[in-house]
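Engineer:
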Amino acid sequence: MSRRLESGVATDLVARAIVIVLFSLLSANLLGNFLRTGHVTGLLLLASESLVVVLTIVRRRTRLIDRSAAGVLATAMSVAGPPLLRAVDGSHTVPDAVTAIASVAGLGLVIVGKLALGRSFGIAPANRGVVVRGPYVLVRHPIYAGYLVTHVAFLIAHPTPWNAAVLIMADGALVVRALIEERVLSADADYQSYCRRVGWHLVPGVF
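According to our numbering, the sequence shown is numbered sequentially starting from 4.
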């Protein structure tokens, strides 16, 4: 095994371990909040993030991956952000049922998007194959759009300055990560054709 391949395997294993550790911290906080309050919005965020863990572990390896400083930083910030969120006990200004419905909508979009991607899902910006089915006929990054919906719902349910700051950082990085992914994929003729058909990044008619 070459040094470069060994380094890539080691980096991949470290990344997977970090994702699992961060997810464990998030699980402890959100499950604790649910047991104390019975509010389910946090559990729905947990369900969304659990898919990241599962698909990170089983994802397809790729040859073309972005290792730029901007790509690494954007990926790290967008992945590390959600586990830093903190559910707070107490009465909510918006009923839990409302934020739960919004979370279900976001989670549904994440699930449908990830089913369409299958093992082509990954953390770092890379070319794991061009997917043009399912919600990808509407926007280029439906999974990220689903994340944004669940994140906003969580922030409405748990509106603290800390959570707001974390999500501004994480979701800003998520948008940058999406654009970097497009830059990597733009070398693929199939993706160039796809972009000519689908012009919206995250929200049809908006961005």
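The C-beta atom is built at its ideal place from N, Cα and C for all residues, glycine as well.
(1) Applying the criterion that 16 or more other CB atoms from any shown protein chain within 10 Å of the CB defines a buried residue, is F157 buried or exposed?
(2) Assuming G116 and P98 make a contact with CB atoms under 8 Å, what is their CB distance in whole Å?
(3) Measure the alpha-carbon distance for V134 versus L47 and round it to whole angstroms.
(4) Under three-state DSSP, which class holds S51?
(5) Measure the alpha-carbon distance for L8 versus I23 and round it to whole angstroms.
(6) Nearest-angstrom Cα distance between L170 and G84?
(7) Between I159 and chain C, is the shortest Cβ-Cβ distance under 9 Å, so that the two count as touching?
(8) Are there 16 or more other CB atoms within 10 angstroms of the CB of G202, so buried, or fewer, so exposed?
(9) Please confirm if the stretch 74-91 is in contact with the stretch 176-184, defined as three or more CB-CB distances below 8 Å between the two stretches.
Structural biologist: With the structure as the only source:
(1) Walking along the sequence shown from the start, residue 157 turns up at place 154. Looking at its Cβ environment, which holds 16 or more other Cβ atoms inside 10 Å, F157 is buried.
(2) Within the sequence shown, the letter at position 113 stands for residue 116. Within the sequence shown, the letter at position 95 stands for residue 98. Their Cβ separation, rounded to whole angstroms, is 27 Å, which puts G116 and P98 out of contact at 8 Å.
(3) As a working note, residue 134 is residue 131 in the sequence shown. As a working note, residue 47 is residue 44 in the sequence shown. Taking C-alpha positions only, V134 is separated from L47 by approximately 26 Å.
(4) For the purposes of this step, residue 51 is identified with residue 48 of the sequence shown, where counting begins at 1. Helix.
(5) Numbered from 1 along the sequence shown, position 5 holds the residue referred to as residue 8. Numbered from 1 along the sequence shown, position 20 holds the residue referred to as residue 23. Unreliable placement is indicated for L8, whose pLDDT of 47 sits below 50; the coordinate value is still reported in the next sentence. Cα to Cα, L8 sits roughly 23 Å from I23.
(6) Taking the sequence shown and counting its residues from 1, one reaches residue 170 at position 167. Taking the sequence shown and counting its residues from 1, one reaches residue 84 at position 81. Cα to Cα, the separation comes out at about 7 Å.
(7) Of the protein chains in the structure, only one exists, and it is not chain C.
(8) The residue labelled residue 202 in the question sits at position 199 within the sequence shown. With fewer than 16 other beta carbons inside 10 angstroms of its own, G202 counts as exposed.
(9) In this structure the stretch 74-91 lies against the stretch 176-184, because at least three pairs of beta carbons, one per stretch, are closer than 8 Å.
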